[in-house]
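Encoded as structure tokens, the structure appears first; notes follow it.
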Amino acid sequence: MKKIYLVLLLNFCFSSIIISGKVVDDKKQPIPYANVYIENSFDGISTNEKGEFVFETFESGVQNLIVSYVGYDDYRLSINLDQELIIDEVVLKEKLTSVNEVVITAGSFEASDENRVVILSPIDIVTTAGGRGDITGALQSLPGSQPQNEKEGLFVRGGDGSEAKTIIDGLLIQNPYGSSVPDIPQRSRFTPFEFEGTAFSTGGYSAQYGQALSSIVDLTTWNRFGDYNAHNLGVTPLSITYGRAVFNDSLGYGIRLDYSNLQPYQDFFNKSIFKDWFKSNYNFLRAPEGINITTDFKQKLSRGIFKYNGRFAINQSKLDLDEDNLLANDYLFSLENRNSYYSFNYRGKLGDSWAIQLGGSYSENIDYSDVSLPGDLFPLISPTDTTYIDTTLFIDEGSYDDLLQFRSVFIKNIFSNSKVKFGLHFFDRKNKFLQFQIDETAYGIDRYNEYNRELDEFLSAGFVEMDFSLSRNIAARLGVRVEHSKLINKNSVAPRLSMAYKVGNFDQVSYAYGKFYQTPEIGFDDWYERSQPTPNFNPENLDLEFEMATHQIFNYQWVKRKRIFRVELYDKKYENLIKKNIDLNAGDDYATLNNDGYGYAKGVDLFWRDNKYSFENIDYWISYSYLDTKRNYRDFPGELRPSFAAEHVLSIIYKQDIKIKDNQFVLSMGYTATSGRPWFEVLDDGSINEEVSKPYQSFNIGGSVLPKVKEGNFLVVFFNIENPFGYQNSYGKRKNFFTGQYEDIKPKSLRTFFIGCFVSFSIGDSQDE
0 MKKIYLVLLL
10 NFCFSSIIIS
20 GKVVDDKKQP
30 IPYANVYIEN
40 SFDGISTNEK
50 GEFVFETFES
60 GVQNLIVSYV
70 GYDDYRLSIN
80 LDQELIIDEV
90 VLKEKLTSVN
100 EVVITAGSFE
110 ASDENRVVIL
120 SPIDIVTTAG
130 GRGDITGALQ
140 SLPGSQPQNE
150 KEGLFVRGGD
160 GSEAKTIIDG
170 LLIQNPYGSS
180 VPDIPQRSRF
190 TPFEFEGTAF
200 STGGYSAQYG
210 QALSSIVDLT
220 TWNRFGDYNA
230 HNLGVTPLSI
240 TYGRAVFNDS
250 LGYGIRLDYS
260 NLQPYQDFFN
270 KSIFKDWFKS
280 NYNFLRAPEG
290 INITTDFKQK
300 LSRGIFKYNG
310 RFAINQSKLD
320 LDEDNLLAND
330 YLFSLENRNS
340 YYSFNYRGKL
350 GDSWAIQLGG
360 SYSENIDYSD
370 VSLPGDLFPL
380 ISPTDTTYID
390 TTLFIDEGSY
400 DDLLQFRSVF
410 IKNIFSNSKV
420 KFGLHFFDRK
430 NKFLQFQIDE
440 TAYGIDRYNE
450 YNRELDEFLS
460 AGFVEMDFSL
470 SRNIAARLGV
480 RVEHSKLINK
490 NSVAPRLSMA
500 YKVGNFDQVS
510 YAYGKFYQTP
520 EIGFDDWYER
530 SQPTPNFNPE
540 NLDLEFEMAT
550 HQIFNYQWVK
560 RKRIFRVELY
570 DKKYENLIKK
580 NIDLNAGDDY
590 ATLNNDGYGY
600 AKGVDLFWRD
610 NKYSFENIDY
620 WISYSYLDTK
630 RNYRDFPGEL
640 RPSFAAEHVL
650 SIIYKQDIKI
660 KDNQFVLSMG
670 YTATSGRPWF
680 EVLDDGSINE
690 EVSKPYQSFN
700 IGGSVLPKVK
710 EGNFLVVFFN
720 IENPFGYQNS
730 YGKRKNFFTG
740 QYEDIKPKSL
750 RTFFIGCFVS
760 FSIGDSQDE
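Under numbering that gives the first Met the number 0, the letters of the sequence shown match residues 0 to 768, in that order.
Structure follows, in structure tokens:
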């Protein structure tokens, strides 16, 4: 009662008005996360999972209430703010020429990079079978992406993991995944529910962004405000999460604490009565264990919104790499990682036709890692004999890197449906690591050389981009991006072009062209750390260039009533890729890096999705990718198909909502199949033997249960089973140290099972859950 009196008193003192209601589609289904706001103000909110909204405004008189959601026509209602307003129901109608948000965001008709990106909601990600509730895992079910189960990262259209970058609120994330552990893919450091949506571009992206030869994942944090006051708890056999969040109509803040320990996971898979079914060969001497702290704060200001996000994490693990106990001495890998990330972001108006975006961040990543290499692996060669000794090398692989960046973007509406964007982006990053190289000619215990490396990069970037309509049916985006790298002391100029033509009410064709540059990942990639010239390494003396890719993309898409069909042809040419050159007559500098690498990738992506239109409560999509790619880079002996690029990839995702009384159950199934992974070996006569491993396939089952709980609270229980039928997969082949033969790279576990729950307890009279 005291709370009600206080609200009434505040409303009286400041003359605020409460606006509430519900947003649904033409089938009376609620629309979550729709934007509801007063026109020409920053008063508003996003709808909750039930499509409901309630917010407070200090505006008065006659105003326009706007309700918008991507894929639907905007709803405009003239309202009088002299008294509290309750809107029974707002019905949004689907646009005829745009696409539902969970598939593709296109606004109405626009020739931007958004016409070629795929948008996934948080619910899409966590309910995709086989996605493991991970952003990257879910994106691997979409066309253009290659499934990777032995390494982290996105591998898009023939590109390796370093060619896809993660962007959050316009800022580059330098370490988006956990630090690498041999043959074990690391999850994203960020969870799906931290973002309004996940935009995945497979190429031809905006001039606002750079430093990615193949792809970007563009994430946007929540802009939602509302009356929310709750404790959140997540529990799985591997982790426990506690969060505290407090929000009102203009201010919000929260903190989340996560603790994880995979020891129960390893014990269950390796020691329980089900061990013969899981057939796991995880062999952690110290199972991965970590603590993560996340904080956020946001506030509405007079002309914009300010947001802050911060996180700090510590993770530790130790792994026995001698899975079959074939070595006399230890072959171990240990890692302690400390990662932090802090960012701020402001978006607001400078006038009726000007807008501004400002952002900055600082991140730091420290790896205390070492590897114990048994002498069994490396022979000692003398002028008279070759021997193996009973010794172990203890090698420090520790590294440090940080990134400080600042970004500014100005947007000017110049005339109807046209605008110009321009801005600057500065990156200051440093990297330190210990580089080692095995010396097989040294006869003694210290059989490797170690070098301290310190690299300093300052990248300056500027861009300008214009969206405009050439006619009622033709739109275009033209832009250019300019960069300068201190590390290699080079400049780049990258033109970008997108065009689209509206064929009919439900379909359009589009074309994109662009050049994309990337500074060689010296110091930020494991291969470079192992392969840099010794001992007199200086990147400025190497006269390196930016690596470059030229994209051409032809797209056709048809969209009608929550159904979409899309076909995309692409051609990508690589130039100036880094190559390692060996000259045994050059003394200490026998290994050098140059830009003699090259390659290509071309193919077609097909995508079909029917989101609960043809079949009630059933959402499914089918994607297929054909990829023809070869490259000659790094230490490749020639132009070859890389091991991470399968020629054919098929993915089928099926989801069904099942309601039993007041409880809701979501069933999800996923099937992925690819042609075999390529691999090669250099024979004694110098020729190259190219082979393909057996095809890969995986069937996964997942689900979630949302039981009815007390009003204002929330509970969901979820599970996932991967490869329940036990198909023996291979991720390609590699050479065995002991036998000298090439053997299949097998998954660490034949099958996996995961279960967990998330609970939210509201406090007081929270209205927006």
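Virtual Cβ for every residue (Gly too), placed ideally from N, Cα, C.
| Check | Outcome |
| --- | --- |
| Lys693 beta carbon less than 9 Å from that of Asn280 | no |
| Gly225 versus Val35: straight-line alpha-carbon distance, rounded | 11 Å |
| C-alpha gap between Phe311 and Asp133, whole angstroms | 19 Å |
| Close Cβ partners of Asn269 (< 6 Å) along its chain, the five nearest in sequence each way excluded | Ser279 |
| Residues near Cys756 by beta carbon distance below 8 Å, same chain, minus five either side | Gly233, Val234, Thr235, Leu714, Val715, Val716 and Phe717 |
| 6 Å CB neighbourhood of Ser786 in its chain, flanking five on each side removed | No answer is possible for residue 786: it lies beyond the span of the chain, which begins at 0 and ends at 768. |
| Member of Asp466, Phe425 and Ser398 whose CA lies at the smallest distance from the CA of Val419 | Asp466 |
| Any non-hydrogen atom of the ligand FAD within 8 Å of Leu682 CB | Among the components modelled here there is no ligand, and therefore nothing to report on the ligand FAD. |
| Contacts around Asn719, its chain only, beta-carbon distance under 6 Å, and the 5 residues preceding and following it disregarded | Gly701 and Phe753 |
| For Lys571 and Arg337, the rounded distance between their alpha carbons | 37 Å |
| Close-in-space but distant-in-sequence residues of the same chain around Val102 (CB under 6 Å, 5 per side omitted) | With a pLDDT of 28 at Val102, under the threshold of 50, the modelled position of this residue cannot be trusted; read the value that follows with caution. Here the set comprises Ile563 and Arg608. |
| Start-end ranges of the beta strand (DSSP E) lying completely within the stretch 655-737, minimum 3 residues | 662-673, 677-681, 687-691, 695-705, 713-721 and 732-734 |
| Own chain, CB closer than 7 Å to Ala110, minus 5 neighbours either side, in chain order | Bear in mind that the predicted position of Ala110 carries a pLDDT of just 40, short of 50, making it unreliable; the figure below should be weighed with that in mind. These residues qualify, in order along the chain: Ala474, Ala475, Arg476, Ser497, Met498, Ala499 and Ser509. |
| Start-to-end residues for the beta strand (DSSP E) that takes in Trp620 | Ile617 to Asn631 |
| The stretch 175-195 contacting the stretch 214-228, beta-carbon criterion three pairs below 8 Å | yes |
| Cβ-based burial, Trp620 [other Cβ within 10 Å; buried from 16] | buried |
| 3-residue-minimum beta strand (DSSP E) runs that sit fully inside the stretch 120-198, ordered along the chain | 163-167 and 170-172 |
| Cα-Cα separation, Pro809 to Lys150 | This structure does not reach residue 809, given that the chain is present from 0 up to 768, and the question cannot be answered. |
| Reference Val216; option with closest CA among Ile172, Ile254, Leu256 and Lys709 | Ile172 |
| Pair within 9 Å by beta-carbon distance, Gly358 and Phe421 | no |
| Sheet register partners of Arg750 (DSSP bridge) | None, per the DSSP bridge assignment. |
| Rounded straight-line distance, which links the Cα of Glu93 to that of Lys27 | 13 Å |
| Local conformation of Asn28 per DSSP, three classes | It is worth fixing the name first, because residue 28 is Gln in this sequence and not Asn. Note: Gln28 maps to coil in three-state DSSP. |
| Beta-carbon contacts of Gly602 that lie in its chain and below 6 Å, excluding the five residues immediately before and after | Tyr625, Leu626 and Asp627 |
| Beta carbon of Ile16 nearer than 9 Å to that of Leu84 | yes |
| Among Asp618, Val704 and Gly60, nearest to Asp769 - alpha-carbon criterion | No information on residue 769 is available, as it lies outside the stretch 0 to 768 that the chain covers here. |
| Per-residue DSSP class, three states only, for Trp353 | strand |
| Assigned exposure category for Gly143 - 16 Cβ within 10 Å defines buried | buried |
| Assigned exposure category for Leu318 - 16 Cβ within 10 Å defines buried | buried |
| Per DSSP, cross-strand counterpart(s) of Leu331 | Asp319 and Ser371 |
| C-alpha gap between Asp72 and Asp168, whole angstroms | 25 Å |
| Alpha carbon of Pro175 to alpha carbon of Gly130, nearest angstrom | 17 Å |
| Range covered by the alpha helix (DSSP H) that runs through Leu276 | According to the sequence provided, residue 276 is Trp. The question's Leu does not apply to it. Element bounds for Trp276: Lys274 to Phe277. |
| At least 3 beta-carbon pairs within less than 8 Å: the stretch 342-358 vs the stretch 297-316 | yes |
| Identity of the residues DSSP links to Gln517 by a beta bridge | Glu546 |
| Nearest residue (CA-CA) to Val315, options Asp366, Arg560 and Val53 | According to the sequence displayed, residue 315 carries Gln and not Val. Of the listed residues, the one whose Cα sits closest to Gln315 is Asp366. |
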